[in-house]
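Here the structure comes first, spelled out in structure tokens, and everything after it is commentary.
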Amino acid sequence: MYQEPVKITKKKKIEIIILLLILLWLILFILNYFRYTNGQPLFVSLHRVTEYEEGQIEEYISLGYIYRIYNLNSYNEEELVPIWVSKKQFTAKDELPKPLTDYEVPENIRRQDKYMGLLYYYSRSGQLLGTYKCLNSVRDCNKATSGYDEYNILNADPLKAHEEPPMLDMIHEKFAFIDDSKAQDTTYGNEDYQRTIYLYNFTLDEEEIIAQYADIKESTYDQ
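Residue numbers (the working numbering): 927 to 1149.
Here it is as structure tokens:
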């Protein structure tokens, strides 16, 4: 006896289509997540760049989520977030902070890097080139060291290992990186810790903060 094939109802067809779309979306999301972890643009996405005075924010808008790259002087980060999460807001800084200049400079007989709360910069011949007084704390600023090494890369080679992060002292006996981070409850190396690094022209009578960074790291290049 002949039996007529069971017909797929319209409702069932819609359910199958929805299930396939969800499956395709899931596959696309997994692929895009791996691309995000490798710092690569997303598949099937709309690319948008927003310019700011301090840099730019790059966005790859896909199906329900956004991959954002913050390329700003004071903030560098990447995030993969739902499409309804707005960009982090940053106030454009028209001017960098002005260094303090009206203060007494005690004689630093031993020519220490830091003395009486001030940072000292000397030439090879021992001539005082300039000093720096903390802006964001009373006396906790320091000559900047290479940023937090989460993966201990600097100590990967036992012959070149560092017991402490290397200090970045002077550039052309005129410029220096200053760690002038504010006092915080979290410890350095914690993801919530906010580091403030200034590129400073310490030349006497020309003192000027040239740039500000969220972090800085020493890097070597072997040819």
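Backbone N, C-alpha and C fix where the C-beta goes; we use that ideal spot for every residue, glycine too.
In or out: S1051 buried (at least 16 other Cβ within 10 Å) or exposed?
exposed
Grouping DSSP H, G and I as helix and E and B as strand, with all else coil, what is A1087?
Confidence at A1087 is low in this model, with a pLDDT of 47, below 50, so its placement is unreliable and no value can be given for it.
Just curious, the alpha helix (DSSP H) that F960 is in, first and last residue?
936-963
Distance check for E1134 and N1062, CA to CA, integer angstroms please.
16 Å
What is the residue span of the beta strand (DSSP E) that H973 lies within?
In the DSSP assignment, H973 falls within the unbroken beta strand (DSSP E) covering 972-978.
When the Cα atoms are used, what is the spatial distance from N1002 to L947?
35 Å
Would you identify the three-state DSSP class for R1036, choosing helix, strand or coil?
coil
Tell me whether C1011 sits in a helix, a strand or coil according to DSSP, three-state version.
Just to set this straight, residue 1011 is Val in the shown sequence, not Cys. Reduced to three states, the DSSP call for V1011 is coil.
Assuming Y991 and P1008 form a contact by the criterion Cβ under 8 Å, report the distance between their Cβ atoms to the nearest whole angstrom.
6 Å
Please confirm whether I1123 and D1111 have their CB atoms less than 8 Å apart.
No.
Can you say whether S1012 is buried or exposed, counting buried as having 16 or more other CB atoms within 10 angstroms of its CB?
With fewer than 16 Cβ atoms within 10 Å of its Cβ, S1012 is classed as exposed.
Excluding sequence positions up to five away, which residues of its chain have a Cβ less than 7 Å from the Cβ of L998?
Y978, E980, G981, F1016
G1056 and L1130 look like a contact to me (Cβ under 8 Å); what is the Cβ gap, rounded to whole Å?
5 Å
What's the call for A1045, buried or exposed, on a 16-neighbour Cβ count within 10 Å?
The displayed chain sequence assigns Leu, not Ala, to residue 1045. Counting Cβ neighbours within 10 Å, L1045 comes out buried, since at least 16 surround it.
Are P1025 and Y1126 touching if we call contact CB-CB under 8 Å?
Yes, the Cβ-Cβ distance between P1025 and Y1126 is below 8 Å.
Count the other C-beta atoms from every protein chain shown that fall within 10 angstroms of the C-beta of I1136, then say buried if there are 16 or more, exposed otherwise.
Counting Cβ neighbours within 10 Å, I1136 comes out exposed, since fewer than 16 surround it.
Could you work out which residue in Q1053, I995, L1022, K1014 is closest to E1033 when comparing CA atoms only?
Q1053
From the DSSP output, in three-state form, read off Y986 for me.
strand
Rounded C-beta distance between I987 and L1006? I'm assuming under 8 Å.
Contact between I987 and L1006 does not hold, since their C-beta atoms are separated by about 12 Å, which reaches or exceeds 8 Å.
Comparing C-alpha positions only, which one of E1117, I956, T976 sits nearest to V970?
If you compare the alpha carbons of E1117, I956, T976 with that of V970, the shortest gap goes to I956.
In angstroms with no decimal places, state the Cα-to-Cα distance between I983 and I995.
6 Å
On the DSSP letters alone, give me the boundaries of the beta strand (DSSP E) that G1056 sits inside.
1054-1059
Apart from the five residues just before and just after E1132, which ones in its own chain have a Cβ nearer than 7 Å to its Cβ?
none
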